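Using my numbering, the letters of the sequence shown correspond one by one to residues 26 to 306.
Glycine included, each C-beta is placed from N, C-alpha and C at the ideal position.
From a predicted model like this one, the values you see are computed outputs, not experimental measurements.
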Amino acid sequence: MKFTVEQFRAWKRKCVTLLGMSGVGKTHLSTLLRRSDWFHYSGDYRIGTRYLDEPILDLIKSHAMRDPFLRDLLRRDWITIRNVIKIHDLGPVLSFIGKLGNPEHGGLPLDEFSRRQALYRQAEIAAMLDLPEFVRKAHEVYNYAHLVNDVGGSLCELDEPRVIEMLAQHSLILYIRVPEADEIKLIERAQADPKPLYYRPDFLQTAVKDYLDLRQLDYVAQIEPNDFTRWVFPRLFHSRVPRYEAIAQPHGYTVSSEDVAQVRDEADFLSLVESAIARAA
């Protein structure tokens with residue numbers, strides 16, 4: 026959607042999609058807005074509770090079945106296992122995605138890692154396509170005036186045009202750009218606590234080849250999972266930036282992560298969006 030400042034102010038049921046890398050402030054903004062009559066639609070929460078719930082439970086059960094005591098309880102239906110995911114703690118989703126590399130260090134073989142990556146991609150597409158229905162539910166079921174769509178950092182990697190077209194049709198897309206001076210800080214923060222990530226297939230294939238050559242390794246099972254995740258993140262970050270820009274330029278508006286960090290309430294957020302609209306005009 027494209028707006029003038031006046032049109033945005035008059036929009037009775039606002040829907041804003043927050044776009045950008047993990048760590049730029051999307052969930053921070055969403056949490057603030059939740060206090061002011063905004064429904065917080067978390068893409069990753071929807072993925073974990075709806076579209077990857079069964080695969081996550083299957084993974085947990087497969088590990089539990091290796092223990093004779095738990096195996097007997099599960100097969101007799103004497104215990105149940107539940108997937109507990111919170112918006113601020115997506116641990117089960119991250120554990121399912123996993124990291125590539127040596128199984129003895131918690132890594133996954135390339136074929137299994139790629140299988141889970143493909144499942145995650147389909148889940149993220151499905152979760153995003155659910156947005157119009159949640160706009161309706163936010164108002165009619167939960168009685169919220171507005172909705173903020175807190176999307177995963179991998180949205181730009183999906184290569185699924187209908188997702189972007191739908192988001193542009195039903196929401197104002199707000200891209201949170203990281204200033205060049207802050208890129209190093211974000212990268213260092215991600216490397217200090219390496220988390221599982223989604224990689225588009227062609228990117229992953231090239232990255233694995235380059236990493237094996239650099240470390241003089243012969244095969245994926247020799248990869249140290251955390252080392253690969255730390256090594257690949259700067260490359261992933263810089264590959265995503267032009268993809269975000271390609272979405273934001275025709276379809277949305279851009280703000281700085283520095284400005285996002287200054288937002289303290291709904292009024293600050295609305296002012297931030299209006300400033301972005303005014304700049305684009």
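CA nearest to the CA of residue i, picked from the options
i: Cys181; options: Phe28, Leu44, Gln32, Thr29; result: Leu44
i: Val203; options: His263, Arg96, Leu84; result: His263
i: Thr56; options: Lys111, Leu119, Phe228; result: Lys111
i: Asn127; options: Pro186, Ser196, Arg304, Leu237; result: Leu237
i: Arg71; options: Arg255, Asp293, Leu115; result: Leu115
i: Trp36; options: Ala170, Leu144, Met153; result: Ala170
i: Pro117; options: Leu84, Thr105, Ser179, Val166; result: Leu84
i: His53; options: Ile201, Lys234, Ala232, Ala305; result: Ile201
i: Pro186; options: Val166, Glu205, Ala151, Leu239; result: Ala151
i: Phe121; options: Glu165, Arg140, Val166; result: Arg140
i: Met153; options: Arg101, Ser179, Pro275, Asp235; result: Ser179
C-alpha distance - residue i paired with residue j, whole-angstrom precision
i: Phe64; j: Val257; result: 34 Å
i: Leu133; j: Ala301; result: 42 Å
i: Thr42; j: Leu295; result: 13 Å
i: Gly277; j: Met26; result: 7 Å
i: Asp290; j: Phe253; result: 38 Å
i: Pro259; j: Trp103; result: 47 Å
i: Gly48; j: Lys220; result: 12 Å
i: Glu31; j: Val288; result: 21 Å
i: Leu229; j: Gly68; result: 23 Å
i: Phe33; j: Leu197; result: 9 Å
i: Arg96; j: Ser87; result: 9 Å
i: Arg268; j: Arg38; result: 28 Å
i: Arg146; j: Arg240; result: 29 Å
i: Lys210; j: Leu261; result: 15 Å
i: Ala232; j: Leu242; result: 13 Å
i: Ala303; j: Leu99; result: 59 Å
Residues bridged to residue i (per DSSP)
i: Leu43; result: Asp175, Leu199
i: Gly123; result: Paired residues: none, contrary to the question.
i: Trp63; result: His171
i: Tyr278; result: Leu199
i: Leu133; result: Leu125
8 Å Cβ cutoff met for residue i and residue j
i: Tyr223; j: Gln142; result: yes
i: Asp207; j: Glu270; result: no
i: Gly50; j: Val285; result: yes
i: Val149; j: Gly177; result: Sequence inspection shows Glu at residue 149; the Val mentioned does not correspond to that position. Against a cut-off of 8 Å, the Cβ pair of Gly177 and Glu149 comes out as a contact.
i: Asp78; j: Asn108; result: yes
i: Cys40; j: Asn168; result: no
i: Leu199; j: Val280; result: yes
i: Leu82; j: Ile106; result: yes
i: Phe138; j: Leu119; result: no
i: Met46; j: Arg265; result: yes
i: Leu172; j: Tyr66; result: yes
i: Ala306; j: Thr29; result: yes
i: Leu144; j: Pro80; result: yes
Contact test: residue i Cβ vs the ligand NAP heavy atom, cutoff 7 Å
i: Ala148; result: This structure lacks the ligand NAP, and indeed carries no ligand of any kind.
Practice task
Examine the Cβ distances between the segment 242–260 and the segment 156–176 and report whether three or more of them are shorter than 8 Å.
Solution key: no
Problem - Segment contact flag, the segment 184–199 with the segment 80–99, C-beta cutoff 8 Å, min 3 pairs - result: No: the two stretches stay apart, fewer than three of their Cβ pairs being nearer than 8 Å.
Exercise for the section: Report yes or no: do the segment 59–75 and the segment 212–219 share at least 3 C-beta pairs separated by less than 8 Å? Expected result: These segments do not touch.
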